[in-house]
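Structure, as structure tokens:
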Amino acid sequence: MRVTLIVVMLLYLSVGSSRRILPRYRIRNVTASAKALLTRYFDTDLNDPAARPVADDSKAVDVNFKFDLTGVRLLDIVTHRLTVTALMCSFWKEPRVRWSKRTYGNISAIRATSTMIWMPDIQPPAGRAIQVQMKESVALLDYRGSAIHCAFSELSDSPKLVPWFDYEQHYKRFPPTGSAAANG
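In mature numbering (1 follows the signal peptide of the UniProt record, and there is no 0), the protein residues as written are -18 to -1, 1 to 166.
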């Protein structure tokens, strides 16, 4: 009898605490709200994914990047090649895509492909030969117009592709190692 009473009390407390975690309002017909949101912004002739998200074409788009190295795939000291995998995230504002959460069933974020919105191109730094191969992924847009795009990338770099690198001087700096070098 005591055990069942304790079990019932624990169940009541656990159910009661989960009710407080749930939101006070219910979301109704999220699918219809999401379809209406996608139709408003992306299924119209006015949507041009190639257009930069600025009011004036002469202005630049501020894009912030985050780079997390996930692994080294190739490190070849003979050919001086380094290939790494990384997670590259870009953050920017998309002022044309903003909505009220109340109007669209409390939807705070949607996913968009590269065919739906403008996404920044990643160019290598000046003087370096870096190849970036990005896999297809989606961006996340929130109701305030912020966009986030993260994708795994493979970066490959070889200093031999850089014309100003003096390879002969590089090899002369390091003396040969081993018994033959010690004997002269």
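Note that beta-carbon positions come from the ideal geometry of N, C-alpha and C, so glycine has one too.
So the candidates are 120, 88, 90, 83; which of them puts its Cα closest to the Cα of residue 98?
Start at 1 with the first residue of the sequence shown, and residue 98 comes out as number 116. Checking every option, the nearest Cα to that of residue 98 belongs to 120.
Thinking C-beta only, is residue 47 closer than 8 Å to residue 170?
The chain is shown from -18 up to 166; residue 170 falls before or after that span and cannot be answered.
Can you tell me where the beta strand (DSSP E) with residue 33 in it begins and where it stops?
To locate residue 33, count along the sequence shown from 1; it is residue 51. That residue, residue 33, is in no beta strand (DSSP E); it is neither H nor E in DSSP.
Per-residue burial, residue 59 [other beta carbons within 10 Å of its own, 16 or more giving buried]:
Here residue 59 is taken as the residue at index 77 of the sequence shown, counted from 1. Exposed.
Can you tell me whether residue 22 is helix, strand or coil according to DSSP?
By one-based count along the sequence shown, residue 22 stands at place 40. Helix.
Are at least three pairs of beta-carbons, each pair with one atom in the region 89 to 97 and one in the region 17 to 27, less than 8 Å apart?
yes
If residue 100 sits next to residue 32, beta carbons under 8 Å apart, how far is it from one beta carbon to the other, in whole angstroms?
Working through the sequence shown from its first residue, we reach residue 100 at position 118. Working through the sequence shown from its first residue, we reach residue 32 at position 50. Going by Cβ atoms, the distance from residue 100 to residue 32 rounds to 7 Å, so yes, they are a contact pair.
Just to confirm the assignment, what range does the beta strand (DSSP E) spanning residue 92 have?
In the sequence shown, the residue the question calls residue 92 occupies position 110. First-last of the beta strand (DSSP E) with residue 92: 91 to 94.
Beta-carbon separation of residue 234 and residue 67 under 8 Å?
This structure cannot settle anything about residue 234, because the visible part of the chain is limited to -18 through 166.
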